[in-house]
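Note that this note's numbering has the sequence shown beginning at 50, numbered continuously upward.
Note that the Cβ used here is the ideal one computed from N, Cα and C, for glycine as well.
Just below is one structure, and these are the notes that go with it.
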Amino acid sequence: MLPMTDVDETTAGQEPAVQRCGMVAIVGRPNVGKSTLLNALVGQKVSITSSKAQTTRHRITGIRTTGPTQFVFVDTPGFQMRYAAALNRTLNKTVHSVLSDVDVVLFVVEAGRFGLDDAKVLSLMPSGEYAKPVFLIANKLDAVHRRAELAPWLKGMQDRHAFAEFVPLTAKKDADVQRLLGIIEPYLPTQPWFYEEDALTDRSDRFLASEIIREKLFRLMGDELPYTSTVVIDKYEEEGRLRRIAASIVVEREAHKGMVIGGNGERLKRIGSEARQELEKLMDAKVFLEIWVKVRSGWADDEEHLRSYGYE
């Protein structure tokens, strides 16, 4: 049953506020801050972040319900042009499919910058009868030292596409995030909510566990480990306020396995420790976490492996 908006004695007898609900895609090249923006818009972490390109590999839905309006945000993988492996083709298909489903598109770039990778993503925007309102989100505004240079840059961006809105912001600033929510709201359709009022994401805790482990792996390994590594949850059990999780980090070469494990297993222990601590906070439960490292040569270019590892 869809939740109703709260009323008090002063509004008793009045018609409830009309509900709005719509889907908003967050797209852009890798490393422009899409996942950071999604987490800020939702108000809680639902998508992992790291400095490694292509950290987001799945369609992540984050939900924010404010007053009579429910925003359904969809984070997407950064569109990949440099590699042709099956993994990258799968991620790019995810971007295409999202753009056909949503009501509004947030095209995220770094404020003051626009390169070939950005142009490729912009070219994907549906046009004609399938066109959607596209907002230019000029992120990382705090990194721009000369604000006066933004005006001609914004004018140049306007010449590239008929953006519905221009929104310079810093995703880590709450005031900027609240302003963006207010700009998006009128563009959402008048219709019942898709999710319950307290929903934050459509992803399961099992999925969240795999993503948090992968985030710690990427952050602690940096560029030392090729990005063709992933995490698979082998076991996820709930026992009251205890979660028993067994996971495998999948790499392509035996040498990568040694890198992940580290001397005396110290690196793997740290990955597990940091992942466990964050999962306990997010799940508000005690977590018992076991992690192994497995070698699966060529998994990132194998369609069957991709499906078995949960890639869409």
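Alpha-carbon spacing of residue i relative to residue j, whole angstroms
| i | j | result |
| --- | --- | --- |
| V299 | Q326 | 22 Å |
| A192 | R290 | 42 Å |
| S297 | K306 | 11 Å |
| G271 | P79 | 15 Å |
| G161 | Q93 | 28 Å |
| K189 | E178 | 32 Å |
| M206 | F212 | 9 Å |
| R69 | F122 | 14 Å |
| F184 | G311 | 44 Å |
| M174 | V95 | 25 Å |
| L317 | V216 | 41 Å |
| W202 | E323 | 41 Å |
| L148 | V170 | 11 Å |
| E198 | D208 | 16 Å |
| G71 | V344 | 42 Å |
| C86 | I232 | First, the residue type needs correcting, since residue 86 is Leu and not Cys in the sequence shown. Each residue's Cα considered, the two are about 15 Å apart. |
| E333 | R292 | The question names Glu, but residue 333 is Asp in the sequence shown. Approximately 10 Å, taken between the alpha carbons. |
| G321 | L237 | 41 Å |
| R302 | V226 | 42 Å |
| S346 | A304 | 11 Å |
| P117 | Q240 | 10 Å |
| E234 | F120 | 8 Å |
| H194 | K83 | 22 Å |
| G314 | I340 | 11 Å |
| A89 | L338 | 28 Å |
| A180 | V73 | 14 Å |
| D167 | I75 | 13 Å |
| L266 | R255 | 17 Å |
| R196 | V151 | 32 Å |
| V67 | P182 | 22 Å |
| E286 | L257 | 14 Å |
| L328 | I294 | 10 Å |
| E245 | E288 | 25 Å |
Residues bridged to residue i [DSSP beta-bridge criterion]
| i | result |
| --- | --- |
| K330 | Answer is none; K330 lacks a bridge partner. |
| K343 | V299 |
| I294 | Y285 and L338 |
| A74 | V123 and V154 |
| G111 | F122 and T250 |
| R69 | T118 and T239 |
| V280 | I298 |
| E315 | For E315, which the question treats as bridged, DSSP gives no partner whatsoever. |
| E159 | N188 |
Cβ distance (whole Å) where residue i is taken to contact residue j below 8 Å
| i | j | result |
| --- | --- | --- |
| L155 | I186 | 5 Å |
| V309 | V342 | 5 Å |
| L269 | R319 | 6 Å |
| T125 | L230 | About 19 Å; that fails the 8 Å criterion. |
Q: Check whether the region 240-257 touches the region 209-229, counting contact only when three or more Cβ pairs, one atom from each stretch, lie closer than 8 Å.
A: no
Q: For the region 255-263 and the region 275-295, state whether three or more C-beta atom pairs, one from each stretch, are separated by less than 8 Å.
A: yes
Q.
Taking 8 Å as the cut-off, does the region 157-171 touch the region 111-122 (at least 3 CB pairs, one atom from each stretch)?
A. no
Q | In chain order, each alpha helix (DSSP H) run of at least 4 residues that lies wholly inside the region 175-214 | A | 199-209
Q | Contained alpha helix (DSSP H) runs [length at least 4] in the region 213-240, N- to C-terminal order | A | 223-233
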